Each structure stands twice: as structure tokens, then as C-alpha cells.
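Visitor:
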Amino acid sequence: MAAAAAVVTPSGLDDGVSRSRGDGAGEVAVERGPGAAYHMFVVMEDLVEKLKLLRYEEELLRKSNLKPPSRHYFALPTNPGEQFYMFCTLAAWLINKAGRPFEQPQEYDDPNATISNILSELRSFGRTADFPPSKLKSGYGEHVCYVLDCLAEEALKYIGFTWKRPSYPVEELEEETVPEDDAELTLNKVDEEFVEEETDNEENFIDLNVLKAQTYHLDMNESAKQEDILESTTDAAEWGLEVERVLPQLKVTIRTDNKDWRIHVDQMHQHKSGIESALKETKGFLDKLHNEISRTLEKIGSREKYINNQLEHLVQEYRAAQAQLSEARERYQQGNGGVTERTRLLSEVTEELEKVKQEMEEKGSSMTDGAPLVKIKQSLTKLKQETVQMDIRIGVVEHTLLQSKLKEKSNMTRDMHATVIPEAAIGSY
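For any residue, its number in the working numbering is found by taking its place in the sequence shown, counting from 1, and adding 440.
#1: Considering only C-alpha positions, which residue in the set 591, 761, 551 and 574 is nearest to residue 562?
#2: My guess is that residue 577 and residue 555 are in contact by the Cβ rule of under 8 Å, so how many angstroms apart are they, rounded?
#3: Quick check: the stretch 545 to 555 against the stretch 511 to 529, are at least 3 beta-carbon pairs closer than 8 Å?
#4: Report the rounded CA-to-CA distance for residue 570 versus residue 522, giving the unit in angstroms.
#5: Classify residue 722 as helix, strand or coil using the three-state DSSP reduction.
#6: Please classify residue 765: is it buried, with 16 or more other beta-carbons within 10 angstroms of its beta-carbon, or exposed?
#7: Let me check understanding here. Comparing Cα to Cα, which of 840, 534, 812 and 673 lies closest to residue 596?
#8: With distances taken from CA atoms, which of 552, 557, 541 and 517 is nearest residue 579?
#9: Nearest-angstrom Cα distance between residue 705 and residue 711?
#10: To test your reading of the DSSP string, which unbroken alpha helix (DSSP H) runs of 4 or more residues are found completely within the stretch 475 to 557?
#11: If we ignore side chains and look at the alpha-carbon of each, how far apart do residue 620 and residue 684 end up?
#12: Starting from residue 595 and walking both ways along the alpha helix (DSSP H), at which residues does that stretch end?
#13: Could you check what DSSP says for residue 622 in three-state terms: helix, strand or coil?
#14: Could you tell me the boundaries of the alpha helix (DSSP H) in which residue 797 lies?
#15: Given residue 494, which residues of its chain have a CB within under 8 Å of its CB, disregarding the five upstream and five downstream residues?
#16: For residue 481, I'd like the list of residues in its chain whose CB is within less than 7 Å of its CB, leaving aside the five on either flank, ordered along the chain.
#17: Given this structure, state the Cα-to-Cα distance separating residue 686 from residue 674, to the nearest angstrom.
#18: What's the gap between the Cα of residue 827 and the Cα of residue 837?
#19: In three-state DSSP terms, what is residue 577?
#20: Mind checking residue 479: buried by the 16 CB within 10 Å criterion, or exposed?
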């Protein structure tokens, strides 16, 4: 079976999926495996655990009065608007936790600007973001989980968090208490005695020559006693009694210990045999599947060749139509440029025409308006009233002046008569 080429997914993990770039469209043609569609659920669960390590419930959710997201919140579409706002809020908080200043996005901010700012901060951490920003507008999906997971990892690095090896609890197995008998000989005692004998032998070194001499004397004694050994003088009944007496001491009790390496070896052999038996059966199915897939691929290849041969003239016509379309687009671009220039000139002429119309309307309204005439009439009426008042005041002043003149004239006449009469009276005397 042909193995698919492994690439790195947006979350940075190898999912065994082969991908190839589409021609001209710039999109990615993905051949996904059966488990690749569920990879974002795994990333989302890891993200929730990392957020709990960062204490996001106390530092973010309670302060902002937000509900804690579920473990598959960003993996499934529920409410795109709410999910996008939650994504932007979490991303801003994680960037701040990672030591970078980032303003908390508001509800009425431009989503494109917010997404571009988040992606620029993500790239500044050295993470790749080779997907269009529009993938994050929906507020859910593998790209959203990937961005939040990367930011959570950077925040954990900034606070100095490190993953430690898991510490498994020690399982204490209950051992069966077997009453020990002094007459019983257990395997542990045999091992202890064997170890003690080895230590004693190591401590008591024997000279090689002395050992050879002792061996020679023993051989001589045994050769001398061979004739005595050939004939036994022991009674069978006494031998049986002695065997019955010593038999309890020869009993060996082996206790079962799950930590013993022998049990582990037995389990390994059992698992090995089970794996080999399962492998034989599975290998048959896989070979059968491989053969079926190979035949299917051959059929598909032959059908593709047949279709290509049958549709060759249509492909040529399509290419010719594409060439004509490109030429028409070029002509359209050229014509569109001329139309744009003429549209600009038309807009300028229209603006000048509007200005002239506005001036003409202002002059016409001023010519037909009777308000200045009314003001002139009111001014003339006011001038007439003021003229009448001035005439009255002039008449009063003339009358007053005339009276004063007559009064002065009468006074002068009286004075003249007063000065003349006494002189006449003096003359008479």
C-alpha cells in the first residue's frame, strides 16, 4: 500500500495527511485521513487544560462576566458572533499573559483589523500562520483552535511553566499471609543462604595448592572406601522413617509477587503470542485491502486516460476560449481606463455646472425678492415721520425764539419809556 506523505497541520502535529497545492486557485487540496477531522477536538481539549493552568477562570471570565466555554466550544459552530468575540477576548488575554501589550477588543471594532493584529502577534512569536485571515472570522474551526493553542503555549513559556513526568501512585497489593513454619524452607530463605555462602566464600580465600592437596587426599579416601559404598548396611524401614521426618523440611513455598520479573516475562510472552496471532489475521485483511485499492487505482487511472482522450478536443476548445477571454479582459481593462478618465472629467464638469447653477439661483432669488423694497418703504416712512417731528420741533423753536424776541422788544420799549418820563418830569420842575 502506498504510504501517504506526512505534513504538519496548523496545530503543529503530524497527522499523516498528504496535501498538494491547487493550480492557479491558491487553495490546498487535502487528502484527509479518517481521524484528521477529529484532530481539532483533541487540540481544543488540550487548550482547555492549558487555560486552566493559566487560571483564566479567575483572571478573565469572572472579571469580564463571561461563561466558561465547553471543551468543544471552538470546534463546533454554535453562535458565530459570540464565538468570534470569545476568540478575540481569549487571544488578547493570552497575548498579554505572554508579555506583549495588546488592547482588549471591543464589540464594535473592525474584525479584519483585530484578526490582522492577532496574526501579526502570533508571527512575532515565531509561529507560522499560512492560512487566510478569513478562516478566523467564523469564530470556530481548526485554525481558531490552532491560534489559541499556540498563544496558550507561549503564555505558559513566559510564566515558566514546564511539563513534568506523571507520578503514578504505587499500588500496594495485598499479599496472602501464609503461616510460616520453621520446618518449611522458602525460596527467599534459600536465596539468602546462597548469598551468605557466596559472601563467606569471598571472604575466606583458599590457596590453590592447599585446595589441590585436599582434593588429592579426598580422592584417595574415596577410592579406598569404594568397596564399602558398594554394599549398603542401612535398613529400609529406618530409611523410610528418616524420609518422613525430613520431608516437611524439604518443602519449598514460592510466593506469587506481581513485581517479580518472571511474571513480567510470562506476560510479555503472552502478549507477544497474542500480537503475532492478531498480526496474522490483520495482515490478511490489509493485504486484501491493498489489492482492492490497487485494482481501484488502476481502474481510475485507465478511466482518466480514456476521459482525457475523449475530451481532448473539448480541452483545446476550452484553452482557445480561455485565450479569447484573456484578450477580452485586456481590452476591457484598456476601455475601463478610458471610461474612468472620462468619468473623472464628467464629475469635474458637473461640479462646475452645479456651482454656476447655484450662483444663478442666488442672483435670481435676489432679483425677485421684494424684501429690499419693503425695507426701503419702511425706511422712507420712518424718514417722513422723523421729518414731521423735526418740522414740529423747528416750529416750536421758531415760536419760542419769536416770543423771546417780542419779549425783548417789549422790555426795550418799556425801558425806553421809563428813562424818558423821569427826564420830562425833571424838566417840568
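C-beta atoms are modelled at their ideal positions from N, C-alpha and C, and glycine is treated no differently. Treat the numbers as computed from the prediction; the structure is a model and nothing was measured.
Guide: According to the structure shown:
#1: Working through the sequence shown from its first residue, we reach residue 562 at position 122. Taking each of 591, 761, 551 and 574 in turn and checking the Cα distance to residue 562, the smallest one comes out for 591.
#2: Position 137 of the sequence shown holds residue 577. Position 115 of the sequence shown holds residue 555. Residue 577 to residue 555, Cβ: 7 Å. Contact.
#3: yes
#4: Here residue 570 is taken as the residue at index 130 of the sequence shown, counted from 1. Here residue 522 is taken as the residue at index 82 of the sequence shown, counted from 1. Roughly 25 Å between the two C-alpha positions.
#5: Numbered from 1 along the sequence shown, position 282 holds the residue referred to as residue 722. Secondary structure at residue 722: helix, using DSSP grouped into helix, strand and coil.
#6: The residue given as residue 765 occupies position 325 in the sequence shown. Counting Cβ neighbours within 10 Å, residue 765 comes out exposed, since fewer than 16 surround it.
#7: Here the question's residue 596 lines up with position 156 in the sequence shown. For the residues 840, 534, 812 and 673, the minimum Cα distance to residue 596 belongs to 534.
#8: Counting from 1 along the sequence shown, the entry for residue 579 is found at position 139. Among 552, 557, 541 and 517, the Cα nearest to that of residue 579 is on 517.
#9: Working through the sequence shown from its first residue, we reach residue 705 at position 265. Working through the sequence shown from its first residue, we reach residue 711 at position 271. Looking at the two C-alpha atoms, the distance is approximately 10 Å.
#10: 479 to 493 and 520 to 537
#11: Here residue 620 corresponds to residue number 180 of the sequence shown, with the count starting at 1. Here residue 684 corresponds to residue number 244 of the sequence shown, with the count starting at 1. In this prediction, residue 620 has a pLDDT of 46, which is less than 50 and means its spatial position is unreliable; what the coordinates show is noted afterwards. Cα-Cα distance, rounded: 20 Å.
#12: As a first step, residue 595 is located in the sequence shown; it is residue number 155 there, counting from the start. Per DSSP, residue 595 belongs to the alpha helix (DSSP H) from 582 to 598.
#13: Counted from its first residue, the sequence shown places residue 622 at position 182. With a pLDDT of 44 at residue 622, under the threshold of 50, the modelled position of this residue cannot be trusted, and the question is left open.
#14: Translated into the one-based positions of the sequence shown, residue 797 becomes position 357. That run of the alpha helix (DSSP H) goes 752 to 808.
#15: Taking the sequence shown and counting its residues from 1, the one referred to as residue 494 is at position 54. Closer than 8 Å at the Cβ level, and outside the excluded window around residue 494, lie 534, 537, 592, 595, 596 and 599.
#16: One-based indexing of the sequence shown puts residue 481 at position 41. 512 and 515, listed in sequence order.
#17: One-based indexing of the sequence shown puts residue 686 at position 246. One-based indexing of the sequence shown puts residue 674 at position 234. Cα to Cα, residue 686 sits roughly 17 Å from residue 674.
#18: Counting from 1 along the sequence shown, the entry for residue 827 is found at position 387. Counting from 1 along the sequence shown, the entry for residue 837 is found at position 397. Their Cα atoms are separated by approximately 15 Å.
#19: Position 137 of the sequence shown, counting from 1, holds the residue named residue 577. If DSSP states are grouped into helix, strand and coil, residue 577 belongs with coil.
#20: As a first step, residue 479 is located in the sequence shown; it is residue number 39 there, counting from the start. Residue 479 should be labelled buried.
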